[in-house]
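Chemist:
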Amino acid sequence: MLPSVYAPKDFKRLRAAGDIVARCFDFIAPHIHSGISTGDIDRMVAEFLKSSGARSSSFGYKGFPKHCCTSVNDVIVHGIPSDTDILKNGDIINVDLTAEYKGFHADSSRMFIIGDAPPAALKLVQVAHDAMNAAISICAPGVPLSEIGREIERIVLPHGFTISRDFVGHGIGKVMHDEPQIYHFHDKKFDKIKMVPGLVFTIEPMINMGGDKCKIDADGWTARTADGCLSAQWEHTVGITEDGAIIFTEPQF
Ligand code: MF3
Ligand code: CO
Ligand code: CO
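Structure follows, in structure tokens:
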């Protein structure tokens, strides 16, 4: 499959989809605290997307039953929102949400801290955020895709944290998951693939406090760290321009 390379008029649509995702996070953020369930988060997301004229790209994707992913503590990715999954003080949670608006998809995830989490957990969340932003900042035409993983390693590894290798970033646009794959660790097989204007993809590093291995729950979706240690992730959808990268999944206006 060819990578997703989009025209300036498509970038406007991606901005519009990304803006809905960003504003959905801003809408749910004040309500995310101890005592609510991840099912409550899913209902807020569903309501916001509906009222925005968008739909969840995740709902029904390969049978996924909810509108967003909610990954608490040792869950790396793809946690399924549930009314019995109640947030408690000290939890860290990733909410990952992908919306389709007027035929274009935008994908982003953010971490939320529930009450007072231990300093080590806060540091993990901060380092994951720094890694995503550092990787976005080096994106520009002519830069090899492998530089994304190199930059993430440069930020993460000195802290003794690990980078999940089982899940990757991805091209996105008219479909949610497209070429190219974006590795969050350096792999020389991407040294020769250079970014070009119009390329649109996600950067979504998953950073673990312990080892990088994962296991999948019986539900077939929930991916946890094999050793039970905490995991944190942030994600943005970005587009390559002549000057660098723009982030679609931040509020635009
Ligand atoms: N948003 C996820 C990603 O970053 C994909 C979720 S697909 C789902 O690629 F089915 F698990 F929701
Ligand atoms: Co993604
Ligand atoms: Co996502």
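Under this note's numbering, the first residue of the sequence shown is numbered 1, with each subsequent residue one higher. Glycine is no exception: its CB is placed at the ideal position from the N, C-alpha and C atoms.
1. Who are the near neighbours of Met176 in its chain, counting only those whose CB is closer than 6 Å to its CB and skipping five residues on each side?
2. Which partner residues of Tyr101 appear in the DSSP bridge assignment?
3. Starting from the Cα of Gly171, find the closest Cα among Arg165, Thr162, Gln181 and give me that residue.
4. Gln233 and Ser109: beta carbons closer than 7 Å?
5. Would you grab the beta carbon distance between Ile203 and Met111 for me? Rounded to a whole angstrom, and I think it's under 8 Å.
6. For Phe185 and Asp130, I'd like the C-alpha separation in whole angstroms.
7. So Thr254 and Ala22 are supposed to be a Cβ contact under 8 Å. How far apart are they, rounded?
8. Got a sec: does ligand 1 put a non-hydrogen atom nearer than 6 Å to the Cβ of Cys69?
9. How should Ser231 be labelled, buried or exposed, when 16 other C-beta atoms within 10 angstroms of its C-beta is the threshold for buried?
10. Buried or exposed, going by whether 16 or more other CB atoms sit within 10 Å of the CB of Ala29?
11. Sort out for me which residues DSSP pairs Gly169 with in a bridge.
12. Is Tyr183 near ligand 1, with its Cβ less than 6 Å from a heavy atom?
13. So, Ile113 versus Leu87, is the Cβ gap smaller than 7 Å?
14. Which of the three DSSP states is assigned to Cys214 in this structure?
15. Identify every run of the alpha helix (DSSP H) within the segment 21-68, keeping only runs that are complete inside it and at least 4 residues long; order them along the chain.
16. Which value, in whole angstroms, describes the spacing of the CA atoms of Pro251 and Ile20?
17. Going by the CB atoms, is the gap between Ile136 and Val238 shorter than 7 Å?
18. Taking only heavy atoms of ligand 2 into account, decide whether any of them is closer than 6 Å to the Cβ of Glu100.
19. Helix, strand or coil, according to DSSP, for His236 in the structure here?
20. Rounded to whole angstroms, what's the CA-CA distance from Pro119 to Val127? Just pull it up for me.
21. May I have the straight-line CA-CA distance separating His67 from Asp42, to the nearest angstrom?
22. Classify Asn133 as helix, strand or coil using the three-state DSSP reduction.
23. Can you tell me whether Asp107 sits near ligand 2, meaning its C-beta is under 6 Å from at least one heavy atom of the ligand?
24. Less than 6 Å separating the Cβ of Glu151 from some heavy atom of ligand 3?
25. Measuring from the CB of Ser58, is there a heavy atom of ligand 1 at a distance below 6 Å?
26. Could you check where the beta strand (DSSP E) with Val143 kicks off and where it finishes?
Modeler: Let me spell this out:
1. Ser57, Thr98, His105
2. Phe104
3. Gln181
4. yes
5. Going by Cβ atoms, the distance from Ile203 to Met111 rounds to 15 Å, so no, they are not a contact pair.
6. 15 Å
7. Outside the shown range of the chain, which is 1 to 253, sits residue 254, and nothing can be said about it.
8. yes
9. buried
10. It is exposed - the Cβ of Ala29 has fewer than 16 other Cβ atoms within 10 Å.
11. Ile182
12. no
13. Going by C-beta atoms, Ile113 is not nearer than 7 Å to Leu87.
14. strand
15. 38-51
16. 8 Å
17. yes
18. no
19. strand
20. CA-CA distance, Pro119 to Val127, rounds to 12 Å.
21. His67 and Asp42: Cα-Cα distance of roughly 6 Å.
22. helix
23. Under cutoff, so the answer is yes.
24. Closer than 6 Å to some heavy atom of ligand 3: that does not describe the Cβ of Glu151.
25. yes
26. In the DSSP annotation of this structure, Val143 is not part of any beta strand (DSSP E), being labelled neither H nor E.
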